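Here's the structure, in structure tokens; my notes come after.
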Amino acid sequence: MDFRETSIEKNYVYRGKILQVRRDEVALPGGRTGVREVVEHRGAVCILCMKEGKIALVRQFRYAVGESLWELPAGKLERGEEPLRAAFRELAEETGLEASDMELLFAMYPTPGYSDETIYIYEAKGAAAGESHPDEDEFLDVCFFPFEKAFSMIADGTIKDGKTIAALLYFKNKNHL
170 MDFRETSIEK
180 NYVYRGKILQ
190 VRRDEVALPG
200 GRTGVREVVE
210 HRGAVCILCM
220 KEGKIALVRQ
230 FRYAVGESLW
240 ELPAGKLERG
250 EEPLRAAFRE
260 LAEETGLEAS
270 DMELLFAMYP
280 TPGYSDETIY
290 IYEAKGAAAG
300 ESHPDEDEFL
310 DVCFFPFEKA
320 FSMIADGTIK
330 DGKTIAALLY
340 FKNKNHL
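As numbered in this note's numbering, residues 170 to 346 make up the sequence shown, in order.
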């Protein structure tokens, strides 16, 4: 059976700096119509970076959930920016680390039920110290944890961020840790 839904009409209800919100009328399988609310997002990158056997995590306050979260360095794509370029930029901005190379591990849809956002998960290679320069509205701590400690932070509820959890699980499986 074909479960595809097709757009009949797209109605933008909000256009912001980072995202747009639509309320679309769609044709459903079987001939009926429905409504879908969609958040459009340019996408983001997330970077898993090991340096001297430790993984870089940043802690920052996330207004939407009202708490400080431990996450892998990450950030949104600028308009027209390629994900690979964004990965190098975000790693340097948030941690001061300069990578010699990046490997795309996977891409994911964090919330496909209502958003078209894609997050590209990279592994930084050959990281060397540089100088961090977060955005003017970005306040964060950078800490380095042994991988097993970072991984245990998922189980004890310290790490709640979905992209970070997915990347750490992937990395553990890929490297048979």
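Yeah, the Cβ is synthetic: ideal placement off N, Cα and C, and Gly gets one too.
None of these values were measured; they are calculated from a predicted model.
Residue 315 in three-state terms, based on DSSP: Residue numbering aside, residue 315 sits at position 146 when the sequence shown is read from its first letter. Residue state, collapsed to three classes: strand.
**Message:** Once DSSP output is grouped into helix, strand and coil, what is the label at residue 230?
**Reply:** One-based indexing of the sequence shown puts residue 230 at position 61. Reduced to three states, the DSSP call for residue 230 is strand.
Q: Apply the 10 Å Cβ neighbour rule to residue 230 and answer buried if 16 or more other Cβ atoms are within range, or exposed otherwise.
A: Your numbering for residue 230 matches position 61 in the sequence shown. It counts as exposed.
- Query: When DSSP labels each residue in this structure, what does residue 343 get in the three-state scheme?
  - Reply: Within the sequence shown, residue 343 is the residue found at index 174, counting from 1. DSSP places residue 343 in helix when its eight states are reduced to three.
### Neighbourhood of residue 346 by C-beta distance below 7 Å, restricted to the same chain and skipping five residues each side
For the purposes of this step, residue 346 is identified with residue 177 of the sequence shown, where counting begins at 1. Taken in chain order, the residues that qualify are 316.
For this session: From the DSSP output, in three-state form, read off residue 336 for me.
Result: Your numbering for residue 336 matches position 167 in the sequence shown. Correct three-state label for residue 336: helix.
> Between the beta-carbon of residue 319 and the beta-carbon of residue 294, is there less than 7 Å?
Replying inline: Walking along the sequence shown from the start, residue 319 turns up at place 150. Walking along the sequence shown from the start, residue 294 turns up at place 125. For residue 319 and residue 294, no; Cβs fall outside 7 Å.
message: So the candidates are 236, 244 and 199; which of them puts its Cα closest to the Cα of residue 213?
response: If you number the sequence shown from 1, residue 213 lands on position 44. With distances taken between Cα atoms, residue 213 lies closest to 244.
message: Please tell me whether residue 246 and residue 255 are closer than 7 Å, where the distance is taken between their beta carbons.
response: Reading the sequence shown from its first residue, position 77 is the one you call residue 246. Reading the sequence shown from its first residue, position 86 is the one you call residue 255. Their beta carbons are under 7 Å apart, which means residue 246 touches residue 255 by this criterion.
Using only the alpha-carbon positions, how far apart do residue 210 and residue 329 sit? The count along the sequence shown starts at 1 and reaches residue 210 at position 41. The count along the sequence shown starts at 1 and reaches residue 329 at position 160. Straight-line Cα distance between these residues: approximately 21 Å.
- Message: Going by C-alpha to C-alpha distance, which of 180, 250, 239 and 280 sits closest to residue 225?
- Response: Translated into the one-based positions of the sequence shown, residue 225 becomes position 56. Among 180, 250, 239 and 280, the Cα nearest to that of residue 225 is on 239.
Taking 7 Å as the cut-off, decide whether the C-beta atoms of residue 336 and residue 290 are in contact. Stepping through the sequence shown from its first residue, residue 336 is reached at position 167. Stepping through the sequence shown from its first residue, residue 290 is reached at position 121. Cβ atoms of residue 336 and residue 290: closer than 7 Å.
Where the beta strand (DSSP E) containing residue 184 begins and where it ends:
Translated into the one-based positions of the sequence shown, residue 184 becomes position 15. Residue 184 -> beta strand (DSSP E) spans 181-184.
Own chain, CB closer than 7 Å to residue 237, minus 5 neighbours either side, in chain order: In the sequence shown, residue 237 corresponds to position 68, counting from 1. 228, 229 and 230.
Does the distance from the CB of residue 242 to the CB of residue 259 come in under 7 Å? Walking along the sequence shown from the start, residue 242 turns up at place 73. Walking along the sequence shown from the start, residue 259 turns up at place 90. Their beta carbons are under 7 Å apart, which means residue 242 touches residue 259 by this criterion.
Quiz item: Excluding the five sequence neighbours on either side, which residues of its own chain have a C-beta within less than 6 Å of the C-beta of residue 172, listed in chain order?
Solution: Locating residue 172 in the sequence shown gives position 3, where the first residue counts as 1. Closer than 6 Å at Cβ, skipping near neighbours: 198.
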